Amino acid sequence: VKESAPFIEVPLFEEPMKLAIYDEHPWHDRKSVPMGDLAGQRLLMLEDGHCLRDQALGFCFQAGAKEDTHFRATSLETLRNMVAAG
Numbered sequence: 005v006k007e008s009a010p011f012i013e014v015p016l017f018e019e020p021m022k023l024a025i026y027d028e029h030p031w032h033d034r035k036s037v038p039m040g041d042l043a044g045q046r047l048l049m050l051e052d053g054h055c056l057r058d059q060a061l062g063f064c065f066q067a068g069a070k071e072d073t074h075f076r077a078t079s080l081e082t083l084r085n086m087v088a089a090g
C-alpha cells in the first residue's frame with residue numbers, strides 16, 4: 005500500500021469495560037457507574053506489564069480516579085478476589 009494512499013479505519017469489535025464492586029460498597033446495586041463518578045475514587049489495578057493495565061489506567065485517570073498504589077494484582081482472577089475481600 006502506498007504511503008499516500010487513502011484508507012479508512014473500521015472497528016473490529018467493542019469490548020465493555022467492567023468495574024468490580026464488593027458486596028458492601030455503596031454502588032453495589034447499580035446497573036452501571038458513570039465515568040464521572042470515578043473522580044476521586046482509589047481503584048485496585050493490575051500490575052505493570054499486564055496487557056489491560058494501560059487501557060484501564062487511561063479510562064480511570066481520564067475520569068479522575070486514582071490508583072491504589074499499595075496493592076496491585078497479578079491477574080484478573082487475583083483482582084476479582086481482592087475486590088471480593090473488600
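Okay, so the sequence shown: first residue is 5 according to my numbering, each after it adds one. Backbone N, C-alpha and C define an ideal beta-carbon position, used for all residues, glycine too. Remember, predicted model here, so these are calculated numbers, not experimental data.
Legend entry - L56 beta carbon less than 9 Å from that of E71: For E71 and L56, no; Cβs fall outside 9 Å.
Legend entry - N85 beta carbon near the ligand FAD (any heavy atom closer than 8 Å): Although the ligand FAD was asked about, the structure shown includes no ligands whatsoever.
Legend entry - V14 beta carbon less than 9 Å from that of G23: Gly is not the amino acid found at residue 23; the sequence shown has Leu there. No, the pair does not count as a contact, with Cβ atoms beyond the cut-off.
Inset, instruction - Please report the residue range of the alpha helix (DSSP H) in which A81 lies. - result: Per the sequence shown, residue 81 should be read as Glu rather than Ala. Element bounds for E81: L80 to A88.
Legend entry - Residue ranges of each alpha helix (DSSP H) within the stretch 26-84, 4 or longer: Complete alpha helix (DSSP H) runs here, min 4: 57-66.
Legend entry - Supposed close pair L42, A67 - CB separation, criterion 8 Å: 4 Å
Legend entry - Beta-carbon spacing of L50, S79 below 9 Å: yes
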